[in-house]
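Undergrad: Here it is, the structure in full.
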Amino acid sequence: MKRKINHLLAFLKKPQNLILLFFVVTLGYLVLFPLVCIVKDTFVVHASEVMRVKGSKIGDFTTYHWVKVFADKNSATIFYTPLFNTMKVALGACFVAISFGGSFAWLVTRTDLRWKGILTKLFMFPYIMPSWTLALAWMNFFKNSTVGGAQGIFTALTGIVTPNWFAYGGFPITMVIGLHYAPFAYILIGGILRNMDANLEEAAIILKTKRSRMFMEITIPMVMPAVLSTFILVFSSAMSAFAVPQFLGLPVRYYVLTTQMFRNLNGTNPGYGYIIALVMILIALIIMFVNQAVIGKRKSYTTVTGKSANISQFKLKKFRTPISSLFLVLVLCVSVIPMISFLLQSMIKIQGNYSPSNFTLDFWIGAAAASDKINDKAGILINADVWKGLFNSLKLSIVAALGAGTFGFLAGYAIVKQRGTWLSRFVENLTFIPYLIPSMAFSVIYLSMFAVRHGPIPALYGSFAILAIIGTVKYLPMASRSGVNSMLQLSHEIEEAAMIVGVPWWKRMTQIIVPIQKSTVISGYLLPFISSMRELSLYVLLVTPANKVLTTILFQYNEKGWDQYANAINFVIIVFVLVINFGIERLTGASIEKGVGG
Amino acid sequence: MPVIRLVNVTKKFGNFVAVDNLNMTIQDGDFVSLLGPSGCGKTTTLRMIAGLETPTEGEIYIDDTLVFSEEKGINLSPDKRNVGFLFQNYALWPHMTVYKNIAFGLENMKWKKEDIDKRVNELLKTLQIEEFRGRYPAELSGGQQQRVAIARTLATNPAILLMDEPLSNLDAKLRNGMRAELKRLHATSKSTFVYVTHDQSEAMTLSTRVCLMDRGVLQQYCPPLELYGEPTNLFVADFMGNPTMNFVDVKARKSENGIELTCPSMNLTFHPLQETEINEADDYVLGLRPEAVLIQEDGQIEGTVISSLPSGMETTLSIEVKDIRLSSVVFGNIDFAMDSKVNLTFKGNTYILFNKRTRNKVGMGALTIK
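Keeping their order, the protein sequence lines are chains A and B.
Under our numbering, the residues of the first sequence are numbered 293 to 890, in order.
Under our numbering, the residues of the second sequence are numbered 28 to 397, in order.
Here's what the structure looks like:
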């Protein structure tokens with residue numbers, strides 16, 4: 293008995309064990325419990341469903357939802373069509389992202405492309421900007437008067453009326469998501485191309501390998517792992533994308549799983565929504581296992597940089613200027629031009645009319661009209677609501693970033709320290725689960741979990757705390773992943789050297805570990821911050837008028853058709869995010885690129 | 028017939044001169060080592076021969092074909108130079124099996140399938156890696172990867188084999204084994220080997236000629252024993268040999284007996300093998316190999332043993348003679364007590380006199396103690 297107590301005391305004496313236990317308890321409540329709730333909710337009659345499930349009371353056990361979703365004459369519209377659409381969109385987006393980002397990565401790392409510096413900076417824009425940015429830009433350009441109410445810039449310039457399939461639905465959703473995640477492909481594939489041992493290609497040249505064969509049989513297979521991880525990252529991100537299909541799909545009733553789930557959760561069939569959420573979690577899990585199975589150990593390799601510093605660059609010769617120009621135009625189309633379109637759209641009085649007389653700054657600085665005219669609000673720069681939203685967004689993002697970054701780093705530290713134990717593995721998996729749960733489903737669960745008091749935990753609905761908690765938990769995987777990866781590269785001896793001379797734990801952390809891992813720590817804060825600033829689906833169901841954030845104001849304005857205000861706010865969000873991102877990058881050298889795929 | 032000829036080859040990276048006006052001829056069937064400390068330009072030289080690096084100036088001939096000329100604007104790509112290259116990190120393609128790695132080059136040459144199969148099997152057998160033919164490089168040990176890399180390089184029967192520190196990633200025991208195999212390989216294949224290494228014993232034991240470089244400049248290019256026995260300057264003398272050569276600062280003056288060398292701890296007469304010019308204003312350095320500092324009971328110089336490092340086959344001593352220290356190697360299984368007195372003497376004509384200012388060898392010969 294005494295022995296057991298001694299063991300326990302020895303166990304608790306290690307700070308990393310205390311950290312792990314802390315995570316078991318908190319994440320158990322904030323992550324595992326919600327997961328169980330989702331499953332439970334698929335078998336339960338909810339308030340809005342009592343009428344349809346005959347002879348039931350609220351909270352009764354039922355298989356009604358399961359039958360309806362999977363085996364009913366309406367299952368096609370409820371589930372199978374959105375599922376099929378999701379698959380189509382996600383696969384298409386992967387194709388767009390990998391071909392665009394991959395070819396850009398190859399051009400930048402392996403050829404004498406012009407203007408590389410500015411091109412690579414601009415290429416990151418779509419990822420730094422909120423995902424719906426391109427969706428709104430697409431609408432600004434290509435909307436048609438049949439569905440969109442007014443004509444877009446493209447039609448105004450050319451007179452060509454865009455067909456519906458081009459302006460709305462699957463095609464633009466695929467394109468927009470693909471372009472948004474193309475930077476993933478560029479970062480991951482470019483990283484390998486850049487770090488790939490040049491000797492591998494030189495060995496092929498010496499053996500008289502033709503350029504084409506070398507590309508097909510050496511270069512491509514070498515970047516395959518990166519292509520695969522891009523595929524997985526883009527596929528799962530595209531699957532859980534909400535804002536883009538909401539903006540571009542809704543006008544033509546094109547539903548994917550997320551928008552269908554939103555409709556159900558927000559409407560009268562929450563049961564369906566929970567099942568869809570479960571299906572999405574399941575797909576995410578399958579992808580993860582496939583990933584681990586495919587990237588097996590057999591062909592694994594490390595990219596040790598060989599002796600030759602510079603790989604011979606492929607000369608584009610007479611195509612140099614045309615290709616460089618083409619990519620400059622493409623990159624401008626997804627970075628600067630959308631912003632111009634927002635600025636433009638925020639300054640026209642009557643939509644679709646782009647003549648100079650139609651321009652105004654009213655939506656930016658104009659005073660509000662009489663209170664009876666609901667859609668003439670004060671210009672966003674003098675609108676108290678908008679300022680409050682901005683303030684809330686900032687507050688929330690800072691808190692969530694601090695929370696996710698700090699806890700994520702601690703988790704990474706403790707996981708690596710105790711690597712090999714079941715406790716460490718358990719916590720590692722726990723920290724990753726929030727990544728798999730679609731934002732929308734996550735927020736619905738929190739909505740019901742925190743609606744009433746549970747023991748010592750008060751009802752949190754409507755409070756700032758619930759937003760902060762969900763933000764922290766949802767972005768934890770980003771920070772903990774990069775924390776684990778960077779801690780793995782730090783030898784235990786560095787900390788042990790301090791332990792030997794009796795430096796206490798907190799001092800070891802603040803004076804040794806954190807300073808060494810500075811750039812990881814900052815990336816660990818930066819990524820959640822940026823993500824939170826542009827987050828919509830996670831917060832949209834949880835905000836109340838008192839704690840609206842900028843993105844939900846944007847969503848609301850957009851739904852109500854207050855286009856100019858929406859565009860203006862969008863512009864503000866983008867400028868804000870870009871300035872902060874590049875500011876932090878310049879100040880600290882940390883960058884969002886380092887966090888991707890971590 | 029010379030196989031490789033470098034004429035006034037210079038390579039600059041920005042302002043840094045990696046290889047400075049190098050002239051070198053490698054004969055058919057030679058095993059030439061490019062030796063030197065890291066950063067001396069040896070790998071750059073090898074890569075320039077292969078065509079993986081472009082020289083800034085100069086000309087390179089392979090088999091009397093001009094493969095590079097800055098002046099004439101000729102630069103044959105690596106695949107047209109008919110050389111084999113063995114990389115330090117092996118550069119095996121991780122996504123191909125051992126068999127495929129070896130066959131790849133033959134496929135490029137449009138060999139028939141049966142011929143490829145025959146050739147690869149033959150190589151797998153010679154290099155004793157038959158059982159690994161289906162494995163991927165990541166599943167092999169360092170030594171096995173090394174063999175695969177050699178097999179891949181040999182597959183196309185290159186007449187010239189360029190090797191970039193191929194043994195440096197292996198552990199000491201494997202390295203010794205592979206050295207012997209490389210030497211055998213050179214003898215049986217009759218190819219010309221150019222071999223980069225920073226390990227002097229590797230260069231000594233393997234090569235027919237060694238090219239010692241320092242900071243991009245060729246120091247001495249000759250057979251290995253000559254490099255050891257007759258270093259042309261202080262750098263070469265210092266670089267070759269372990270334990271290193273003893274250097275004693277001396278003043279020199281010509282006399283009828285030879286050259287009188289004086290320093291605070293010894294007075295010696297140097298008897299050069301050839302007529303040697305001395306400038307009495309200059310400072311000189313006397314170089315003595317440790318094995319030429321002999322311990323003998325009737326030696327005329329008395330010293331104190333500072334340390335004694337017996338290794339079984341020989342013992343390395345550090346001996347203090349007044350204000351200088353000399354290292355000495357005594358063969359046999361002997362140990363010396365710390366602080367014991369020993370008597371030293373000199374014999375043979377392996378002692379070398381260097382000019383301290385020019386750092387070059389002035390003469391070589393015998394020593395007598397006054």
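Note that the Cβ used here is the ideal one computed from N, Cα and C, for glycine as well.
Predicted, not measured: the structure shown is a model, and the values here were computed from it.
Mind listing which residues of the segment 126–145 of chain B have their C-beta closer than 8 Å to chain A's C-betas, in chain order?
TA: For the segment 126–145 of chain B, which is checked against every Cβ of chain A, the residues closer than 8 Å are F131, G132, N135 and M136.
Undergrad: Exposed or buried, which one is G314/B when buried takes at least 16 other CB atoms within 10 Å?
TA: Translated into positions along the second sequence, residue 314/B becomes position 287. So G314/B counts as buried.
Undergrad: When the cut-off is 8 Å and only beta carbons count, does G111/B lie next to chain A?
TA: Position 84 of the second sequence, counting from 1, holds the residue named residue 111/B. It does: the Cβ of G111/B has a partner Cβ on chain A nearer than 8 Å.
Undergrad: For N370/B, does the three-state DSSP call read helix, strand or coil?
TA: If you number the second sequence from 1, residue 370/B lands on position 343. Reduced to three states, the DSSP call for N370/B is strand.
Undergrad: By Cβ distance, which residues of its chain are closer than 7 Å to T597/A, with the 5 residues on each side in sequence left out?
TA: Translated into the one-based positions of the first sequence, residue 597/A becomes position 305. In this prediction, T597/A scores a pLDDT of 42, lower than 50, which makes its location untrustworthy; the coordinate-derived value is nonetheless stated afterwards. Closer than 7 Å at Cβ, skipping near neighbours: N487 and D489.
Undergrad: Going by alpha carbons, who is nearest to L702/A out of I786/A, P648/A, F353/A and W797/A?
TA: One-based indexing of the first sequence puts residue 702/A at position 410. The shortest Cα separation from L702/A among I786/A, P648/A, F353/A and W797/A belongs to W797/A.
Undergrad: Just tell me which of K349/A, L327/A and G700/A has its CA closest to the CA of F314/A.
TA: Within the first sequence, numbered from 1, the residue matching residue 314/A stands at position 22. Checking every option, the nearest Cα to that of F314/A belongs to G700/A.
Undergrad: What is the DSSP secondary structure of T560/A, reduced to helix, strand or coil?
TA: In the first sequence, the residue the question calls residue 560/A occupies position 268. Coil, per DSSP.
Undergrad: Would a check of beta-carbon distances place E494/A closer than 8 Å to chain B?
TA: For this step, residue 494/A is matched to residue 202 along the first sequence. Judged by the 8 Å Cβ criterion, E494/A is in contact with chain B.
Undergrad: Determine the chain B residues that contact N491/A at a beta-carbon separation under 7 Å, and present them in chain order.
TA: Walking along the first sequence from the start, residue 491/A turns up at place 199. Within chain B, the residues near N491/A are F114, N116 and A118.
Undergrad: For the beta strand (DSSP E) that contains E134/B, what are its first and last residues?
TA: Here residue 134/B refers to the residue found at position 107 of the second sequence. That residue, E134/B, is in no beta strand (DSSP E); its alpha helix (DSSP H) goes V125 to N135.
Undergrad: Hey, which unbroken runs of the alpha helix (DSSP H) at 4 residues or more fall wholly within the segment 251–282 of chain B?
TA: Listed in chain order, they are 251–256 and 261–266.
Undergrad: Leaving out five residues before and five after V336/A in sequence, what residues of the same chain have Cβ atoms less than 8 Å from its Cβ?
TA: Position 44 of the first sequence, counting from 1, holds the residue named residue 336/A. Within the same chain, V336/A has close Cβ partners G351, D352, F353, T354 and G563.
Undergrad: Between which two residues does the alpha helix (DSSP H) harbouring E284/B extend?
TA: Here residue 284/B is taken as the residue at index 257 of the second sequence, counted from 1. For the record, residue 284/B in the displayed sequence is Asn; it is not Glu. From DSSP, N284/B is part of no alpha helix (DSSP H); its letter is neither H nor E.
Undergrad: Roughly how many angstroms separate the alpha carbons of S627/A and F417/A, rounded to a whole number?
TA: Start at 1 with the first residue of the first sequence, and residue 627/A comes out as number 335. Start at 1 with the first residue of the first sequence, and residue 417/A comes out as number 125. Rounded to the nearest angstrom, the two C-alpha atoms are 6 Å apart.
Undergrad: Using a Cβ-Cβ cut-off of 8 Å, state whether A77/B counts as contacting chain A.
TA: For the purposes of this step, residue 77/B is taken as the residue at position 50 of the second sequence. For A77/B, the answer is yes, since a Cβ of chain A falls inside 8 Å of its Cβ.
Undergrad: At the 8 Å Cβ level, is L499/A part of the contact set with chain B, yes or no?
TA: To locate residue 499/A, count along the first sequence from 1; it is residue 207. So yes, L499/A belongs to the interface.
Undergrad: Hey, R352/B and I346/B are a contact pair by Cβ (cut 8 Å); roughly how many whole angstroms apart?
TA: The residue you call residue 352/B lines up with position 325 of the second sequence. The residue you call residue 346/B lines up with position 319 of the second sequence. Between I346/B and R352/B the Cβ distance is about 7 Å, and since that is below 8 Å, they are a contact.
Undergrad: L715/A: which of R295/A, D404/A, Y817/A and F303/A sits nearest, CA to CA?
TA: Here residue 715/A corresponds to residue number 423 of the first sequence, with the count starting at 1. Here the closest residue by C-alpha is F303/A.
Undergrad: Starting from the C-beta of N284/B, find all residues in its chain whose C-beta is less than 6 Å away, skip the five residues before and the five after it, and write them out in chain order.
TA: Position 257 of the second sequence holds residue 284/B. Same-chain partners within the cutoff: T296.
Undergrad: Are the C-beta atoms of I510/A and some chain B residue less than 8 Å apart?
TA: Residue numbering aside, residue 510/A sits at position 218 when the first sequence is read from its first letter. Yes, I510/A counts as interfacial toward chain B.
Undergrad: Please look up how many angstroms separate the CB atoms of L828/A and F847/A, rounded, as I've assumed it's under 8 Å.
TA: For the purposes of this step, residue 828/A is identified with residue 536 of the first sequence, where counting begins at 1. For the purposes of this step, residue 847/A is identified with residue 555 of the first sequence, where counting begins at 1. That pair is a contact at about 6 Å.
Undergrad: Going by alpha carbons, who is nearest to G712/A out of K296/A, L300/A and N309/A?
TA: Sequence index remark: in the first sequence, residue 712/A carries index 420 (1-based). For G712/A, the nearest C-alpha among the options comes from N309/A.
Undergrad: Just to confirm my understanding: we take G394/A, look at its own chain, exclude 5 residues before and 5 after, and list those with CB closer than 6 Å. What are they?
TA: Locating residue 394/A in the first sequence gives position 102, counting from the first residue. A477 and I481.
Undergrad: Would you check if the segment 539–548 of chain A and the segment 454–468 of chain A touch, i.e. whether three or more CB-CB distances between them fall below 8 Å?
TA: In short, these stretches touch, since the Cβ pair count reaches three.
Undergrad: Tell me which residues of the segment 511–525 of chain A have at least one Cβ-Cβ distance to chain C shorter than 9 Å, keeping chain order.
TA: Within the model displayed, chain C is absent; protein chains A and B are what it includes.
Undergrad: Applying the 10 Å Cβ sphere with the 16-neighbour rule, what's the burial state of T342/B?
TA: Locating residue 342/B in the second sequence gives position 315, counting from the first residue. It is buried - the Cβ of T342/B has at least 16 other Cβ atoms within 10 Å.
Undergrad: Give, in chain order, every residue of the segment 95–106 of chain B whose Cβ lies closer than 9 Å to some Cβ of chain A.
TA: Residues passing the 9 Å Cβ filter: S104, P105 and D106.
Undergrad: Tell me the DSSP secondary structure of P337/B in three-state form.
TA: Taking the first residue of the second sequence as 1, we reach residue 337/B at position 310. Looking at P337/B - three-state DSSP - the assignment turns out to be strand.
Undergrad: In the structure shown, what three-state DSSP assignment does A751/A receive?
TA: On the first sequence, position 459 is the one that residue 751/A refers to. Correct three-state label for A751/A: coil.
Undergrad: Closer than 8 Å, CB to CB, is H225/B near chain A or not?
TA: By 1-based counting over the second sequence, the position of residue 225/B is 198. No - not a single Cβ of chain A is within 8 Å of the one on H225/B.
Undergrad: Measuring alpha carbon to alpha carbon, tell me which residue in R316/B, Y311/B, S335/B and V348/B is nearest Q327/B.
TA: If you number the second sequence from 1, residue 327/B lands on position 300. Out of R316/B, Y311/B, S335/B and V348/B, V348/B has the C-alpha closest to the C-alpha of Q327/B.
Undergrad: Can you grab the Cα-Cα spacing for the pair K39/B / G68/B, in whole Å?
TA: Here the question's residue 39/B lines up with position 12 in the second sequence. Here the question's residue 68/B lines up with position 41 in the second sequence. Distance between the alpha carbons of K39/B and G68/B is about 10 Å.
Undergrad: By the 10 Å Cβ neighbour count, where 16 or more other Cβ atoms means buried, how is D57/B classified, buried or exposed?
TA: As a position in the second sequence, residue 57/B is number 30, starting the count at 1. Buried, because 16 or more other Cβ atoms sit within 10 Å of the Cβ of D57/B.
Undergrad: Taking beta-carbon pairs under 7 Å, can you tell me which members of the segment 170–189 of chain B lie near chain A?
TA: Taking 7 Å as the Cβ-Cβ cut-off against chain A, the residues of the segment 170–189 of chain B that qualify are T183.
Undergrad: Is there contact here, the segment 182–198 of chain B with the segment 211–224 of chain B, by at least three beta-carbon pairs under 8 Å?
TA: The segment 182–198 of chain B is in contact with the segment 211–224 of chain B.
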